[in-house]
Amino acid sequence: MKKVPGAIAEEGRLLTRIAKLSPKEAIARVGANLVLISGTTKGLSILSKLTRKGISKGTGQFLGKAAVGKTIKIPIKGGKIVGRGVKKADDTINLKIVGKLPRQPIKKQISGAGKRTTAVSTQADKLVGLIKSKRAIWKPIPNEAQLPTQVKALIKRFDEGKITKKQLISLDAQLLRRGRKGILERGFFADPKGRIRPSRLGLQRSKGNLLADIIRGNITFRRAKPQILVFRNTLVQKFPKKLQKVKLKLSQGKKLTRKETEALLEFQLTKSGKFKPLGFNSKESEIILSPDEIVRRVKKLGDIEVNGQLVPIIETEIIKSKGELGKLIRKINRGKKLTKVEDRKFTKLLKKQSGFKVKKGKFKRGK
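Note that the numbering used here has the sequence shown beginning at 4, numbered continuously upward.
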């Protein structure tokens, strides 16, 4: 092409997505569309749009548009657990599109403890990908930099795994007093009923014609990369014996004592390789992964269209780290460099505990 509209030429990023077919024709990715274009001295001539199914071809099936009330059905070949944990029968993942989540009493929320479910988390920005396919859970606390020095010092100790129980309780209380939701905000939340809320993806509906907006310079290609994470047949952890009284009081709607609240918080923040049955003590149904749990990308299941943009649905799983591996992961998460000896040990332990290898620089903390 000898000449293109200024908005596209300035961005430059679109040009990296053009596949040349002939001296005068090419296929380009424009927003959520594939477009056949012809290059002339007068600029671009839009010949035809290809379907969104064409975009998904080779990278997962197109699953349709997201509409409230609709159920997305994803067939999984040989995905149903039969007998003694042997995957044989075909299965189907059912994901429901909702506007708002119905409020649920705590009793109903915690009834999922000890059971398997399909959990879903809608992310406004990409958490896992093909290259950075493993992430340790670590989410920032809103306006963390503005917190007092002593609070930030406690957060640092928490992140390094050096905080005492007394300090943990103090940190949570101080965050609550300052308008935050508490240290649980460091965790990772998911819906235990396989529901997708498009509003959580942070996508704005396009006004007018997408291609016209591009040519006029009214749109940018710099945008977030939302994704929907699906934890298929994941096990929600049971309440331990020492928290049976807490579980009973929660199911009865009774207020917990300070010590009971502290014990529940400690349980929620302890790594186990499983979702905890309760997030914040509210009527919003959610389960939580404690900070520093590892989430791994399994495969892409397909794409759905939300407000004119394709959003990938990714199957993910939790990997439990043990002993020395956990210490090395915490070091990586804090931005510290591993020594050569530690790096070799990390690769060896990760392969042993999870069954896969990770190359240097491809393990990243989640946000």
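Beta carbons: idealized from backbone N, C-alpha and C, even for Gly.
Proximity to LYS196 across ILE332, GLU308, GLU345, ASN97 peaks at ASN97, based on C-alpha coordinates. Two segments are said to touch when three or more pairs of C-beta atoms, one from each, lie closer than 8 Å; by this definition the region 302-312 does not touch the region 280-290. Put simply, the backbone Cα of LEU238 is about 32 Å away from that of GLN312. Unbroken alpha helix (DSSP H) stretches of 4 residues or longer found wholly inside the region 166-190: 168-180, given in chain order.
By the Cβ rule, the region 97-114 counts as touching the region 252-259, because three or more pairs are nearer than 8 Å. For GLN126 against GLN230, the beta-carbon gap comes to about 5 Å, under 8 Å, which counts as contact. Taking every protein chain shown into account, the CB of THR95 has fewer than 16 other CB atoms within 10 angstroms, so this residue is exposed. By the criterion of at least three beta-carbon pairs nearer than 8 Å, the region 183-199 is in contact with the region 265-272. For ASP94, the beta-bridge partners assigned by DSSP are ILE79.
Around the beta-carbon of PRO315, 16 or more other beta-carbon atoms lie within 10 Å, marking it buried. Annotation: the region 267-349 contains the following complete segments of the alpha helix (DSSP H) (minimum length 4 residues), in chain order: 326-336. GLU287 is not a Cβ neighbour of VAL301, given a cutoff of 8 Å. With respect to the C-alpha of GLU265, the residue from LYS168, GLU163, PRO294, LEU66 having the closest C-alpha is LYS168. Under the three-state reduction of DSSP, VAL239 is assigned to strand.
Beta-bridge annotation (DSSP): ALA193 is paired with ILE290. Between the alpha carbons of SER285 and LYS68 lies a gap of roughly 31 Å. The criterion of a C-beta distance shorter than 8 Å is not satisfied by ASN236 and ARG106. Rounded to the nearest angstrom, the gap between the Cα atoms of ASP295 and VAL71 is 33 Å. As DSSP reads the structure, THR120 sits in a beta bridge with THR237.
Across the structure, GLY326 and LEU352 are spaced so that their CA atoms are roughly 10 Å apart.
For the options LEU331, LYS252, ARG200, the alpha carbon positioned closest to that of LYS99 is the one of ARG200. In chain order, ALA266, LEU267, PHE270 place their CB closer than 7 Å to the CB of LEU246, counting only its own chain and leaving out the 5 sequence neighbours on each side. In the DSSP assignment, LYS68 falls within the beta strand (DSSP E) that extends over 64-68. Sequence-distant partners of LYS330 (beyond 5 residues in either direction) whose C-beta falls short of 8 Å from its own C-beta, in its chain, are GLY164.
Residue pairing for LEU232: DSSP places it in a beta bridge opposite SER124, ILE317.
In this model, LEU341 and LYS334 are separated by some 8 Å (Cα to Cα).
A residue is called buried once 16 or more other Cβ atoms fall within 10 Å of its Cβ, and THR74, having fewer, is exposed.
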